[in-house]
Every structure is written in structure tokens, then in C-alpha cells.
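Numbering (our numbering), first residue to last: 747 to 966. Don't be surprised by glycine CBs; every beta carbon is placed ideally from N, CA and C. Quick caveat: nothing in here was measured; it's all calculated off a predicted structure. The structure appears right after this line, and notes come after that.
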């Protein structure tokens, strides 16, 4: 009987798939609903800063350039269990399913990897729901292909119908010693201070949230 336990488990899992949220069984890297969200977002529309270097690539290859973004919020005003706790705000793959950016993972793949969406395409616009009010956000940007990373901690007060737009730009090349000094000064997580990845500068602007009908699929 023991040799049949795994197939039986899989059958039961998918038979009850409508009853069990996939995020709830995907382990710690799952998405959460965002409390106190009042048409407030983190807006990403990151143009590829490496385009001049990529001129010899085909357009298809250029369109495959992606980056990772990890966002956490420390909510001061929540009236639930998350008050005073840092938690991830990246939405699920299902949230961006209609974005048509080629990065969607199906439910099976999510189960074995991650239900949270952390990879995004250069040149596409994304809106990540954020809580309104006063929150402290930690944001990490990672360009794996070019070995570049950015990190920032921001305390922002978002009113209803306001959003944060993030922009990125590579900083000047730094030696390993200077990288460590800069990351120490900027209070990077200790595990990233010793890496040789060059630094991406992150800047943020608060703006009025654009109309919902302007949130369109990618056109790459």
C-alpha cells in the first residue's frame, strides 16, 4: 500500500483543489491578502537600462530580460494579527495571470515552487497592492543576469488613491571594498553585504493612482 501513497495523495490534492487555497499549502513563500488597501499600489514600469549593451541581441532575446522584486511591509495601523509584523506583499501568480508577460506559473508549478509572484519583465507595467496609511516598506530589486541588486527601506504615508512609483538606475562600478562600505551605510541585510553584486539605486515617487483601465497586458 505504501508505494501507492503518493499518487493517491496527488489525486486527493487536485480533487479538493477548489476547497484548498494553493497559497496555503505552498509553504512560507505564499501570498497574503493586503489589509487596508484603498486603491493604493506599488507601480513598476522598469525600462531596461542595459539596452545599449544588448543591441546585438534579437528582439525576442531582449524581451526575455526580467528582474526580481521582493517587497515587505511593516504595518503600523493594522487591526489584525499582522500589526507590528513584517510580511510579504508580493501578490500571487494568479493576480497577474492576464498580464501576458510569459512569466505565469500554472497551479502545479506553484505548488512545487512558489505561489508568490517575484519575477517581472522589463518594459511591462505592474501594480502591486499596498496597504494605505503609514507603513515601512523594505524593497529589494535583483537583476540576476547582470548581477546587480538594489535595496531600500522607506516609511511612507499613502492616502486613498495614492501609489508609489519605483524607478531604478545602475550606480557607478564599485570595488568589493567600496560595495561593502556602501551597503553597511545603507543598512543592507547582512547576508547581502559581502556579495560582489553591483548596486542599483532605487528612487520612489508618490503619485495619484492611474485609472484602472490603464492597467493593460504587456505588449512586448
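Thinking residue i and residue j are a contact (beta carbons under 8 angstroms), I'd like their distance in whole angstroms, please.
{"i": "residue 904", "j": "residue 876", "result": "6 angstroms"}
{"i": "residue 885", "j": "residue 952", "result": "Not quite, the Cβ-Cβ distance comes to about 14 angstroms (not below 8 angstroms), so this is no contact."}
{"i": "residue 836", "j": "residue 874", "result": "7 angstroms"}
{"i": "residue 839", "j": "residue 861", "result": "6 angstroms"}
{"i": "residue 880", "j": "residue 790", "result": "Not quite, the Cβ-Cβ distance comes to about 22 angstroms (not below 8 angstroms), so this is no contact."}
Note down the Cα distance separating residue i from residue j, rounded to an integer number of angstroms.
{"i": "residue 968", "j": "residue 812", "result": "Given that the chain is displayed from residue 747 to residue 966, the structure contains no residue 968 and the question cannot be resolved."}
{"i": "residue 936", "j": "residue 930", "result": "8 angstroms"}
{"i": "residue 848", "j": "residue 779", "result": "24 angstroms"}
{"i": "residue 883", "j": "residue 898", "result": "8 angstroms"}
{"i": "residue 878", "j": "residue 888", "result": "26 angstroms"}
{"i": "residue 866", "j": "residue 923", "result": "31 angstroms"}
{"i": "residue 842", "j": "residue 850", "result": "7 angstroms"}
{"i": "residue 928", "j": "residue 939", "result": "9 angstroms"}
{"i": "residue 925", "j": "residue 932", "result": "11 angstroms"}
{"i": "residue 894", "j": "residue 792", "result": "14 angstroms"}
{"i": "residue 814", "j": "residue 900", "result": "19 angstroms"}
{"i": "residue 943", "j": "residue 816", "result": "17 angstroms"}
{"i": "residue 784", "j": "residue 955", "result": "10 angstroms"}
{"i": "residue 914", "j": "residue 950", "result": "9 angstroms"}
{"i": "residue 910", "j": "residue 872", "result": "12 angstroms"}
{"i": "residue 946", "j": "residue 787", "result": "22 angstroms"}
{"i": "residue 916", "j": "residue 796", "result": "9 angstroms"}
{"i": "residue 941", "j": "residue 921", "result": "11 angstroms"}
{"i": "residue 869", "j": "residue 919", "result": "24 angstroms"}
{"i": "residue 907", "j": "residue 782", "result": "12 angstroms"}
{"i": "residue 934", "j": "residue 844", "result": "34 angstroms"}
{"i": "residue 891", "j": "residue 964", "result": "21 angstroms"}
{"i": "residue 960", "j": "residue 832", "result": "31 angstroms"}
{"i": "residue 896", "j": "residue 810", "result": "20 angstroms"}
{"i": "residue 852", "j": "residue 958", "result": "25 angstroms"}
{"i": "residue 794", "j": "residue 834", "result": "25 angstroms"}
For the beta strand (DSSP E) holding residue i, just list the boundary residues, first then last.
{"i": "residue 947", "result": "944 to 954"}
{"i": "residue 832", "result": "832 to 834"}
Which residues share a DSSP beta bridge with residue i?
{"i": "residue 814", "result": "865 and 888"}
{"i": "residue 787", "result": "875"}
{"i": "residue 820", "result": "832 and 882"}
{"i": "residue 937", "result": "For residue 937, which the question treats as bridged, DSSP gives no partner whatsoever."}
{"i": "residue 779", "result": "DSSP lists no partner for residue 779."}
{"i": "residue 838", "result": "862"}
Using only the heavy atoms of the ligand ADP, determine whether one of them is closer than 7 angstroms to the beta carbon of residue i.
{"i": "residue 916", "result": "Although the ligand ADP was asked about, the structure shown includes no ligands whatsoever."}
**Message:** Which complete beta strand (DSSP E) runs does the stretch 863 to 922 hold, if anything under 3 residues is left out?
**Reply:** Segments of the beta strand (DSSP E) lying fully in the stretch 863 to 922: 865 to 867, 871 to 875, 879 to 889, 894 to 904 and 908 to 916.
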